[in-house]
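Trainee: Input: one structure, supplied below.
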RNA sequence: GGGUCCGUAGCUCAGCAAGGUAGAGCGUCAGCCUCUUAAGCUGAGGGUCGAGGGUUCAAAUCCCUCCGGACCCGCCA
């Protein structure tokens, strides 16, 4: 019996099929099946933010593979208030705490219209690089243009029921009293400090007081202003407890996966959507968070953010897609040091895709080929590209003499039997490795060597100074080793250790020549100066 | 208080969606140059798949219970 392969054989294909089946059961139009990703705009976008969009896009692609039209909505949460000045950001931003990020001037040279737009653009750039196609929407503009107005009215008219649902699901009683709408304060311009206490249905206005709110454990004092706000005027936003649902209905979203950090909100919003907005909520899938290696959640506002831009310094967008797509469940700890293995794994997948590596099991093969295609967002290269293990490139990059790194690596690759086409792809790969070496290779310390070994290195330096040719460089090692009575093998190890941080290396004479004799002497002297013999 | 994930070789992890001979990298060990295209290659060793039960012809994979670890939510988003 032949096995059935759904779509390209991946999780995304299976999910897309389930999604389509569900929509059929619900009897909704299949003309356009939308998925959604929310883009945080209140700090530097991290890998997790990108992951949300990439995964929701992959499901949209899966829908296309099944023969239906689909689209990813990338919705920027730029009506959110600034809750905290992100680490490394200008302190002047303190005065903008509580203001919608779309109302805060761009702190980075004013190249964008607002703080929020700047942050969003970083994420959109990464989406572009990763091959994600999307329809962009800004929360700020959506409210301004009245896109959610129908939903806002329904929610406000049923605020009591919404408050009960929130209490039932979360135990939070606040919204049985307060209205789920935050106006921007006319007095101070902040959004979270206001509390709406009465809704005037005929005028669709809320009465509010800027009374303050607790944000991240700190009390943000209100300005005391009292006023009224038209909920259709775009000068405020719905609480997230009900906004998600409003977006789903207004934009006709059929699928949205989300991180477990917002699972409670999704549960509430599902009920709001169903019971108040009369809209069957989108199908969901919950994924785990990315943690950094220390086991800490990668936070938008904590420093040291692992952003897509950091990834692109050492690895390709497709390798990042691999990280984001290969596994949907399970918390994963990541750090930039994992990038090489994803680069190599993508090369393996490419070999499988082009049939260079055999995979016996049909289902397994389909899955891996499919994963490769999704890494390329279903637009894979026409032919297999050159593969060079990342660690080889790192080794070569470590050894490369300054100023002619690319030439050196290219020449050496030929010596090793790789015959890369001299193209953009090769250049990129070399660049990744060079960046890697620059940022991660710790300088080698002279530790744990004996007095005798130390003298041998000094002797070698002396002999090298008088040498001129590659053969003479090579012979210097043996002369020094004989003269100090230590085996040549050991001296080679020491020299490679000092120069490369590895006990082995390329043939020594030509390598000295490539590095430049003076550079070698300088590095060896630095090495000797960095520690005492034992 | 509510919820999610993880536990597989000495270490880091993959495999689990859709059950079918336990995998990779690193490390270890043993070989491979009688003055280096060895930054390499070949091979070996190493696992009661956290524990117990269930379903099944068959379970690392599905279900239940327990143990251990991590994370998220409980203000806002």
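Residue numbers (the numbering used here): -9 to 524. All C-beta atoms, glycine included, are put in the ideal place defined by N, C-alpha and C. Here the structure is a predicted model, which means the values were calculated and not measured.
1. Please identify the residue among 156, 39, 145 and 83 whose C-alpha is closest to the C-alpha of residue 250.
2. Using the beta-carbon count (16 or more within 10 Å), is residue 274 buried or exposed?
3. What is the residue span of the alpha helix (DSSP H) that residue 455 lies within?
4. Helix, strand or coil: how does DSSP classify residue 517 here?
5. With burial defined as no fewer than 16 other Cβ atoms inside 10 Å of the residue's Cβ, what is the status of residue 57: buried or exposed?
6. Take residue 260 and list the residues in its own chain whose beta-carbon comes closer than 6 Å to its own, dropping the five residues that flank it on each side.
7. Within its chain, find whatever has a CB closer than 6 Å to the CB of residue 121; leave out the 5 residues flanking it on each side and keep chain order.
8. Could you give the DSSP three-state label for residue 366: helix, strand or coil?
9. Just confirm the distance between the C-beta atoms of residue 477 and residue 389, as a whole number of angstroms; I'd bet it's less than 8 Å.
10. Do residue 202 and residue 210 count as a contact pair if the criterion is CB distance below 9 Å?
11. Rounded to whole angstroms, what is the Cα-Cα separation between residue 286 and residue 279?
12. Determine the extent of the alpha helix (DSSP H) in which residue 538 is found, giving its start and end residues.
13. On the criterion of 16 or more Cβ atoms from any shown chain inside 10 Å, does residue 244 qualify as buried, or is it exposed?
14. Identify the continuous alpha helix (DSSP H) that holds residue 230 and give its terminal residues.
15. Who pairs with residue 199 in a beta bridge, going by DSSP?
16. So what's residue 458 in DSSP terms, helix, strand or just coil?
17. Taking the CB atoms as reference points, tell me whether residue 45 and residue 314 lie closer together than 9 Å.
18. Within 8 Å, do at least three Cβ pairs link the stretch 178 to 193 to the stretch 79 to 98?
19. Quick check: what's the CA-CA separation for residue 346 versus residue 355?
20. Three or more beta-carbon pairs under 8 Å between the stretch 446 to 454 and the stretch 412 to 426, yes or no?
21. Which residue's Cα is closest to the Cα of residue 463: 443, 440, 501 and 428?
22. Please report how far the alpha carbon of residue 80 lies from the alpha carbon of residue 105, in whole angstroms.
23. Quick one: measure Cβ to Cβ for residue 380 and residue 307, integer angstroms, because I've assumed they're closer than 8 Å.
24. Take residue 167 as the anchor and find which of 26, 25, 13 and 187 has the nearest alpha-carbon.
25. Taking buried to mean at least 16 other C-beta atoms within 10 Å of its own C-beta, is residue 101 buried or exposed?
26. Between the stretch 229 to 240 and the stretch 141 to 152, are three or more C-beta pairs nearer than 8 Å?
27. Express the C-alpha separation of residue 255 and residue 290 in angstroms, rounding to a whole number.
28. Output the distance between the C-alpha atoms of residue 128 and residue 339, rounded to the nearest integer angstrom.
29. Assuming the contact rule is C-beta atoms closer than 8 Å, residue 0 and residue 364 should be a hit. Round their C-beta distance to whole Å, please.
Mentor: Working from what's here:
1. Residue mapping note: residue 250 aligns to position 260 of the first chain, counting from 1. When each option's Cα is compared against that of residue 250, the closest is 39.
2. Here residue 274 is taken as the residue at index 284 of the first chain, counted from 1. Counting Cβ neighbours within 10 Å, residue 274 comes out exposed, since fewer than 16 surround it.
3. Against the first chain, residue 455 aligns to sequence position 465. Segment 441 to 455, the alpha helix (DSSP H) holding residue 455.
4. For the purposes of this step, residue 517 is taken as the residue at position 527 of the first chain. Reduced to three states, the DSSP call for residue 517 is helix.
5. Residue 57 sits at position 67 when you count from the first residue of the first chain. Exposed, because fewer than 16 other Cβ atoms sit within 10 Å of the Cβ of residue 57.
6. Within the first chain, numbered from 1, the residue matching residue 260 stands at position 270. Within the same chain, residue 260 has close Cβ partners 271.
7. Within the first chain, the letter at position 131 stands for residue 121. So the list reads 367, once near-sequence residues are dropped.
8. Position 376 of the first chain holds residue 366. In the structure shown, residue 366 sits in coil (DSSP, three-state: anything other than H, G, I, E or B).
9. Locating residue 477 in the first chain gives position 487, where the first residue counts as 1. Locating residue 389 in the first chain gives position 399, where the first residue counts as 1. Not a contact, Cβ separation roughly 23 Å.
10. By one-based count along the first chain, residue 210 stands at place 220. By one-based count along the first chain, residue 202 stands at place 212. Contact flag set, yes.
11. What you label residue 286 is simply residue 296 of the first chain in a count that begins at 1. What you label residue 279 is simply residue 289 of the first chain in a count that begins at 1. A caution first: residue 286 carries a pLDDT of 46, below 50, which makes its placement in the model too unreliable to give a value.
12. This structure cannot settle anything about residue 538, because the visible part of the chain is limited to -9 through 524.
13. Looking up residue 244 in the first chain gives position 254. Burial call: buried.
14. Counting from 1 along the first chain, the entry for residue 230 is found at position 240. Segment 230 to 241, the alpha helix (DSSP H) holding residue 230.
15. Here residue 199 refers to the residue found at position 209 when the first chain is read from its first residue. For residue 199, which the question treats as bridged, DSSP gives the partners 185 and 216.
16. Translated into positions along the first chain, residue 458 becomes position 468. Residue 458 falls in the coil class under three-state DSSP.
17. The residue given as residue 45 occupies position 55 in the first chain. The residue given as residue 314 occupies position 324 in the first chain. Contact flag set, yes.
18. yes
19. The residue labelled residue 346 in the question sits at position 356 within the first chain. The residue labelled residue 355 in the question sits at position 365 within the first chain. Taking the straight line from one Cα to the other gives about 12 Å.
20. no
21. Here the question's residue 463 lines up with position 473 in the first chain. It is 501 whose Cα lies nearest to the Cα of residue 463.
22. Locating residue 80 in the first chain gives position 90, where the first residue counts as 1. Locating residue 105 in the first chain gives position 115, where the first residue counts as 1. Distance between the alpha carbons of residue 80 and residue 105 is about 12 Å.
23. Here residue 380 refers to the residue found at position 390 when the first chain is read from its first residue. Here residue 307 refers to the residue found at position 317 when the first chain is read from its first residue. Actually they are not in contact, since the Cβ atoms of residue 380 and residue 307 sit about 16 Å apart, beyond 8 Å.
24. Taking the first residue of the first chain as position 1, residue 167 is located at position 177. Per the Cα distances, 187.
25. Indexing the first chain from 1 puts residue 101 at position 111. So residue 101 counts as exposed.
26. yes
27. Locating residue 290 in the first chain gives position 300, where the first residue counts as 1. Locating residue 255 in the first chain gives position 265, where the first residue counts as 1. Confidence in residue 290 is poor, its pLDDT being 43 and thus under 50, which makes the residue's placement too unreliable to answer from.
28. One-based indexing of the first chain puts residue 128 at position 138. One-based indexing of the first chain puts residue 339 at position 349. Cα-Cα distance, rounded: 37 Å.
29. The count along the first chain starts at 1 and reaches residue 0 at position 10. The count along the first chain starts at 1 and reaches residue 364 at position 374. Contact holds; Cβ gap of about 6 Å.
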